[in-house]
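A.B. asks:
There are 6 protein chains.
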Amino acid sequence: MTTPNTSNPFADNGLYHADVVLPVCGDAFQRADAALIEQLQVVSSATASALLHRMGIRQTFIEGPRTRIPGTKVVGSAITLQFMPQREDVASGLQQEHSEKYSALWAVLETVQQGDVLTIQAYGDPYTGCLGEMLVTYFQARGGVGIVVDGFIRDVPKVQQIGLPMWVRGSTPNYASQASLFPWAYNVPIACSRVLVLPGDIILADDDGAVLIPRQVAPQLVKLTLEHEDWETFSRMRIQQGGTLGKYYPLDAEGRQEYEQWRDTPPND
Amino acid sequence: MTTPNTSNPFADNGLYHADVVLPVCGDAFQRADAALIEQLQVVSSATASALLHRMGIRQTFIEGPRTRIPGTKVVGSAITLQFMPQREDVASGLQQEHSEKYSALWAVLETVQQGDVLTIQAYGDPYTGCLGEMLVTYFQARGGVGIVVDGFIRDVPKVQQIGLPMWVRGSTPNYASQASLFPWAYNVPIACSRVLVLPGDIILADDDGAVLIPRQVAPQLVKLTLEHEDWETFSRMRIQQGGTLGKYYPLDAEGRQEYEQWRDTPPND
Amino acid sequence: MTTPNTSNPFADNGLYHADVVLPVCGDAFQRADAALIEQLQVVSSATASALLHRMGIRQTFIEGPRTRIPGTKVVGSAITLQFMPQREDVASGLQQEHSEKYSALWAVLETVQQGDVLTIQAYGDPYTGCLGEMLVTYFQARGGVGIVVDGFIRDVPKVQQIGLPMWVRGSTPNYASQASLFPWAYNVPIACSRVLVLPGDIILADDDGAVLIPRQVAPQLVKLTLEHEDWETFSRMRIQQGGTLGKYYPLDAEGRQEYEQWRDTPPND
Amino acid sequence: MTTPNTSNPFADNGLYHADVVLPVCGDAFQRADAALIEQLQVVSSATASALLHRMGIRQTFIEGPRTRIPGTKVVGSAITLQFMPQREDVASGLQQEHSEKYSALWAVLETVQQGDVLTIQAYGDPYTGCLGEMLVTYFQARGGVGIVVDGFIRDVPKVQQIGLPMWVRGSTPNYASQASLFPWAYNVPIACSRVLVLPGDIILADDDGAVLIPRQVAPQLVKLTLEHEDWETFSRMRIQQGGTLGKYYPLDAEGRQEYEQWRDTPPND
Amino acid sequence: MTTPNTSNPFADNGLYHADVVLPVCGDAFQRADAALIEQLQVVSSATASALLHRMGIRQTFIEGPRTRIPGTKVVGSAITLQFMPQREDVASGLQQEHSEKYSALWAVLETVQQGDVLTIQAYGDPYTGCLGEMLVTYFQARGGVGIVVDGFIRDVPKVQQIGLPMWVRGSTPNYASQASLFPWAYNVPIACSRVLVLPGDIILADDDGAVLIPRQVAPQLVKLTLEHEDWETFSRMRIQQGGTLGKYYPLDAEGRQEYEQWRDTPPND
Amino acid sequence: MTTPNTSNPFADNGLYHADVVLPVCGDAFQRADAALIEQLQVVSSATASALLHRMGIRQTFIEGPRTRIPGTKVVGSAITLQFMPQREDVASGLQQEHSEKYSALWAVLETVQQGDVLTIQAYGDPYTGCLGEMLVTYFQARGGVGIVVDGFIRDVPKVQQIGLPMWVRGSTPNYASQASLFPWAYNVPIACSRVLVLPGDIILADDDGAVLIPRQVAPQLVKLTLEHEDWETFSRMRIQQGGTLGKYYPLDAEGRQEYEQWRDTPPND
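So the sequences go chain by chain: A, B, C, D, E and F.
Offset between the first sequence (1-based) and this note's numbering: plus 10.
Offset between the second sequence (1-based) and this note's numbering: plus 10.
Offset between the third sequence (1-based) and this note's numbering: plus 10.
Offset between the fourth sequence (1-based) and this note's numbering: plus 10.
Offset between the fifth sequence (1-based) and this note's numbering: plus 10.
Offset between the sixth sequence (1-based) and this note's numbering: plus 10.
(1) For the beta strand (DSSP E) containing residue 128 of chain E, list its first residue and its last residue.
(2) Using a Cβ-Cβ cut-off of less than 7 Å, list which residues of the segment 210–236 of chain B approach chain C; keep chain order.
(3) How is the beta strand (DSSP E) around residue 201 of chain B delimited, first residue to last?
(4) Less than 9 Å between the C-beta atoms of residue 190 of chain C and residue 64 of chain D, yes or no?
(5) Using a 10 Å radius around the Cβ and a threshold of 16 neighbouring Cβ atoms, would you call residue 98 of chain E buried or exposed?
(6) From this set, E:236, E:242, E:146, E:269, which residue's C-alpha is nearest residue 51 of chain E's C-alpha?
(7) Looking at the unbroken alpha helix (DSSP H) that takes in residue 172 of chain B, where does it start and where does it end?
(8) Alpha carbon to alpha carbon, how far is residue 220 of chain C from residue 157 of chain C?
(9) Classify residue 144 of chain E as helix, strand or coil using the three-state DSSP reduction.
(10) Closer than 7 Å between beta carbons: that is the criterion. Which residues of the segment 84–98 of chain E meet it against chain B?
(11) Residues in the same chain with beta-carbon distance under 6 Å from residue 41 of chain B, minus the five sequence neighbours each way, listed in chain order, please.
(12) Report back the beta-carbon spacing between residue 139 of chain C and residue 196 of chain C to the nearest angstrom; my notes put them in contact at under 8 Å.
(13) Can you tell me whether residue 106 of chain E is helix, strand or coil according to DSSP?
(14) At the 9 Å Cβ level, is residue 280 of chain D part of the contact set with chain F, yes or no?
(15) As a quick exercise: from A:207, A:248, A:78, pick the residue whose alpha carbon is nearest that of residue 89 of chain A.
(16) With a threshold of 6 Å on Cβ separation, who are the neighbours of residue 218 of chain E within its own chain once the five nearest residues in sequence on each side are excluded?
(17) Which one of B:32, B:181, B:152 has the shortest CA to CA distance from residue 135 of chain B?
(18) Smallest Cα separation from residue 94 of chain D: which of D:124, D:130, D:271?
(19) Quickly, what does DSSP pair residue 176 of chain B with across the bridge? List them, please.
(20) Would a C-beta distance cut-off of 9 Å place residue 212 of chain F and residue 148 of chain D closer than the cut-off?
(21) Once DSSP output is grouped into helix, strand and coil, what is the label at residue 8 of chain C?
(22) With a cut-off of 9 Å, does the C-beta of residue 165 of chain C fall near any C-beta of chain B?
(23) Would you please verify whether the beta carbon of residue 250 of chain E is less than 9 Å from any beta carbon of chain F?
(24) Residue 175 of chain A and residue 170 of chain B: beta carbons closer than 9 Å?
(25) Take residue 294 of chain B as the anchor and find which of B:270, B:133, B:260 has the nearest alpha-carbon.
(26) Could you work out which residues of chain F lie near residue 116 of chain D, taking near to mean beta carbons separated by less than 7 Å?
(27) Near residue 113 of chain E, which residues of its chain fall below 6 Å by C-beta distance, leaving aside the five closest residues on each side in sequence?
(28) Please list the residues of the segment 142–166 of chain A that have a C-beta atom closer than 8 Å to any C-beta atom in chain C, keeping them in chain order.
(29) Rounded to whole angstroms, what is the Cα-Cα separation between residue 252 of chain A and residue 153 of chain B?
(30) Identify every residue that forms a DSSP beta bridge with residue 76 of chain B.
(31) What's the C-alpha gap between residue 178 of chain C and residue 71 of chain F?
(32) Are residue 46 of chain C and residue 224 of chain C close, meaning C-beta to C-beta below 9 Å?
(33) Residue 246 of chain D versus chain E: which residues are under 8 Å apart at the beta carbon?
(34) Which of helix, strand or coil does DSSP assign to residue 190 of chain F?
(35) In angstroms with no decimal places, state the Cα-to-Cα distance between residue 128 of chain C and residue 137 of chain D.
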């Protein structure tokens, strides 16, 4: 990993740990094509989770964070932020609300590109408010489209009005380094809940929750989804028309034959 | 218990456990009369829980599941579904999203009658989505009126639109047998959170949560409630008119005398 | 502490513990001036928590209770209620829903003054419904403006309609002494979640959660907030106009100079 | 409650809260007779818990604390210590390990009498070491016979050598006010885990855990135990001789007749 | 399932639920051959868990229960006991410690055969003491060799002296139906922690914990273990002689060649 | 960070993520002098935690791991291992127990120097056995003196015999990558429980638990401890001789004077 030239605000506190230069910055990474992201808009988190499981990738559901605005959905490239426990001789917010200014929290926001989803490892700590109004505003202004936090945010009365889709564990009045954590690294691999997220991976989130999609398998996921969604549309229709579950969900041999006929029939005859 | 002739989908995987035939199906059971269910519509879960406690039945609140649609209420007969831990040599969804088709999950839906409430033992596991859109649609189409899950559901973006009253712990993108559980038995006694629910028991749920009402004591509960609700209406009125809590809630001797006079007075003089 | 003359309802159960007279009532206490409370209306819980931390008071966020009515906010003087574990030989609700009538729960409601916030230590127990419709109605009628419970309430279908701002962990159909707790003392120091609340302290709650403000430091908090809010207004404006985070949040030397100029400029030139 | 003249160490910190005088001291209380305590030595915690439940007192098991020295047992009169959350303007150990010297922790130790069991409400916090070597030494020197903490202790390498029976949740290197709690009151009613303990109640603890025995019901408990233990001795003997569970545990009619004959037979014929 | 003729002790309480006959008894089942059990004595729980995972069976570790007697190990056939939540109208121990006499708890003990391991589903409830001294004594007298409880036991001061290998979550003074559970069924499939255990399955437990071994795959497990243990013995020897991890654990190509030579060399040259 | 040339075992699984090269290896770091470590042998974890708190460093107690061998103590330089969630397209142990061979788990063991303490971030997962017999043997053979795991180990029946001091949350039969985690990085900064540990920091652990000591402040800690331990020795003596807590613990002015006299008195007059 490379380390930027940001000066360390703890360097003059007499206890400075010479081995650490903060914030830690991950290696350069590649985002998915906008076209691929666009194709993923038709995929639900439920379909993504099921198909990834079928493809052999089992831990993709980021358990814990829930949508703050029911009905919203987001797909985008992950940029990441990792908190670590505070240590007053290394990195701490003990003295000041704004000691975070030179931290990974500010730094990651300068890397936002159009379509990014900020994904944060924060250990579910209810005493750490990872983000507040100002930072969310800035994030959105730079093109960010959604935020997933394995933890809490603050300033909800104002953040809620911004309307950005967010998946969080809850709210807290505390600022990011007020309690026991500190923003440590950005755009590094993180453990978000029990899911490994690499910068440049794809995050897809809706009312069911947030799901990790490895960038490399996304095209295959789109392909499988389109087929899957297709017969599900047919099944839903038949069930609403009184069809039995046994025949139509999932399709049995007879149901599949019927589906293929329906699928291959020109719409207008 | 009787075991239906459903063929076991795991029978050909080479590790098949000869002692188990799935899904397990409970004995026949009796539902409450529709008239009794209708009478229970005036009872709140708070009143039911308090009166059942007074009658000596203490564990009736199904702690954990919360309403997905605030303001909805349901009373109905319990049909039950019980998950068990997966075992690849017995029952597992490892290979396929739809291996559940021959499981208790599909089977229980074929037993739905008008007015039923599906009640599910799922150990609060956030990685198991007990039900999704298709199954909820089918459940409602067959006359089901509500669902109580000690666990999670999936497809919330679509399920929410169906509008069926549901009490759940949360949402997940995972399907029912994607993680560590499998739909094992239906219409058997279950432990839903810390409450014993027998098929044919009555489930009453509103914004306070879901409560179990033993079928046999329901008539007595209705009787006590009507009296209870009656003086509470009077008390609420008096308190809104400036009356003291000491006199009116609950009624002291003087308050009760006043209430009885009020109750026995013809409305129009 | 003084003990009121309320007769103990458990005195005749044959197991009465001679050493305890209930309910326990705390010493007299002083509330904050209404003018001070009014000034605090401009403070958010996020600002309060951050500034109190800077003033050296670290545990002020009452973690756990969440708003029941998003968008509401309350500031007021704390009156307190403390539950303790039940013991049938001392205090218990085993026999009757209304044995609480002579308890601290009823007693604290008789001490409500205009602008009070009722704050309750209830150990987060989901089987204890600390308050229901009647009591909330009475509380509001006497001038109470908000309720913070480290626990659960009941009668939510009706309580929600009252519209009183409340921060709670959740809802339950159980009444206050139905399970394992009993209303023990009122207007005594309590541990609400992990925060020490003294009667007469100030409670400020909004969508981020509830925060404790010591009465004596509230004036200083108002002073610091006004300054803080002021430059934040400026910063928000600049960031929305495309300014950088580095310069405007928090203000660097150049940003502060710009802010001071802006602040000191007469509005109309 | 009365408040001793102990001067408050926080009075000069500029933020001192005029309404609080620490430590809080409970009212005078009565201990059980030494003879009664002696009689209780034959009772196990299992028997005490079962018989108290039969007598209608249900919450007596202090869940959480486990014995530090397997095989030890203690019966004695409860003296109590209650922690509360820290607040730097009221009571805190932020600055110094020994700010506790003027707190309830030191105060309660001056009230120890021969045969006392110190019982501590500490919310199970693993970052608070309620007691260490010096205080345990002092406690034992004054006649204390056991300690039950709903929390953690420190100095275990040395405390273990003292050999005093202790039931605790675990060990920690932190001192009593190092993290988020402070020793607040002593010899007041406390909630130890989910059990109400009054000063002067009896605590009985062995390898099964610690149980609360109300002082007033202890004589009845002794009486019931002696009878209970008696037939259990007979049952154990018969089962070891090959008797059936159905006849001998608990005794059925035939078994009881046999037992009574055995019991009433002079030992030597 | 078949139901034995045991009369139901709740039948005369006026609230009896006509649909339930207790205790529930599972179908007949087959135990493993004693020879197979004997062969499994060389397998550690660590080896069993790893090899079962390789064979595709993932959930075999019964997480939670820990050994009460470090250094003991047991292998045997599972007999099972399942607790369910109490309901006073169906099954409860509210009135009497010994109402369990006609329950599944007593019933399962009459089915013990030489070499059995009693496995109990008890939801980890610390207020339920599933077994005490008398029952453990009886179990051992009938040939039982070990007990695994996803919950707590009581009478530990005496149980510990019996010396029977047991894996439990902890100890409690409460009896089996004193709190919220009741012994419901025996020799039925159970969920022990997160593992499905069928009667007749094999339980293997040592200091690492308890592991489920499906009866049908046990012979294959023995075969794989013997090979596995063999090269591990060689590896341990080489590492103690200063060999590198890279070569000897696990064996690389060169290490394997060396091992095979060592294995095939007659011991005495 | 630098990345060693270790070839990635996942490179040929068809889903390989091109952005990740495993294992991740941290930067070079410096260990403390052996003389400093030796001086720290007189410090207990309790003293270290208290003095570090006084020096302004608050989060040093690694909560969770407990000693496996009561009475042992260790001080040494931290080397670190960090687990991350598995992902089958990046790093997973799904297929084989020994896929860990090319992981950070094997790699970190090749960096052990005399006196090292291996410190592991493993999220407290009971299904991940971070280390077993072979690796512990190898670690000890290379000079390692202790292990602290925020998680579980396996092979306890054999590991216990090795006698190496270890602080762990518990035991499990599972191997390191059997469940949901994978050994990801070594000798990087880690979050062990809620404590930031840098490679080269000092770990001190005894029966109270494990404590982090920043390398740079260790000399000051030794100095403070020696003074602290000194007067504590005096205090202990006086309290055992009947002295009062008020005078001798901590020393009041008079006690301190007495202590200084005692300290400065030549031993032999």
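Heads up, the beta-carbon is just placed ideally off N, CA and C, and yes, glycines get one too.
Please read these numbers as outputs of a predicted model, since none were measured by experiment.
C.D. replies: On the basis of the data shown:
(1) From DSSP, the beta strand (DSSP E) with residue 128 of chain E extends over 126–131.
(2) Flagged, chain order: 216, 217, 218, 219, 221.
(3) Counting along the chain, residue 201 of chain B sits inside the beta strand (DSSP E) bounded by residues 200–202.
(4) No; because the gap between Cβ atoms is not below 9 Å, this pair is not in contact.
(5) Buried, by the Cβ-count rule.
(6) Considering only alpha carbons, the answer is E:236.
(7) Residues 166–172.
(8) Approximately 10 Å, taken between the alpha carbons.
(9) In the displayed model, residue 144 of chain E falls within a helix according to three-state DSSP.
(10) Per Cβ criterion, the list reads 94, 95, 96, 97, 98.
(11) Around residue 41 of chain B, the same chain offers 87, 210 as residues with beta carbons nearer than 6 Å, after the five sequence neighbours per side are excluded.
(12) By a beta-carbon distance limit of 8 Å, residue 139 of chain C does not contact residue 196 of chain C. Their separation comes to about 18 Å.
(13) Since pLDDT at residue 106 of chain E reaches only 49, below the 50 mark, its modelled position is unreliable, and the value read off the structure follows with that caveat. Three-state result, residue 106 of chain E: coil.
(14) Residue 280 of chain D falls outside the range modelled here, since chain D spans only 11 to 279, and no answer is possible.
(15) Among A:207, A:248, A:78, the Cα nearest to that of residue 89 of chain A is on A:207.
(16) Result list for residue 218 of chain E: 55, 56, in chain order.
(17) Residue nearest to residue 135 of chain B within the set B:32, B:181, B:152 is B:181 (criterion: CA-CA distance).
(18) Just measuring C-alpha positions, the residue of D:124, D:130, D:271 sitting nearest residue 94 of chain D is D:130.
(19) The secondary-structure analysis by DSSP pairs residue 176 of chain B across a beta bridge with B:157.
(20) Their beta carbons are not under 9 Å apart, which means residue 212 of chain F does not touch residue 148 of chain D by this criterion.
(21) Limits of chain C in this structure are 11 at one end and 279 at the other, which puts residue 8 of chain C out of reach.
(22) Taking Cβ atoms only, chain B reaches closer than 9 Å to residue 165 of chain C, which makes this a yes.
(23) Look at residue 250 of chain E: its C-beta is under 9 Å from a C-beta on chain F.
(24) The answer is no: Cβ separation not under 9 Å.
(25) As displayed, chain B neither begins before 11 nor continues past 279, which places residue 294 of chain B out of reach and without an answer.
(26) What residue 116 of chain D touches in chain F: 255.
(27) Here the set comprises 33, 193.
(28) Per Cβ criterion, the list reads 142, 143, 144, 145, 147, 148, 151, 164, 165, 166.
(29) In a straight line, the C-alpha of residue 252 of chain A is about 13 Å away from that of residue 153 of chain B.
(30) Paired residues: B:178.
(31) Cα-Cα distance, rounded: 32 Å.
(32) It is not a contact, given that the beta carbons lie outside the stated cut-off.
(33) Against chain E, a Cβ distance below 8 Å from residue 246 of chain D picks out 143, 144, 147.
(34) In this structure, residue 190 of chain F counts as coil in the three-state DSSP scheme.
(35) One C-alpha to the other measures close to 30 Å.
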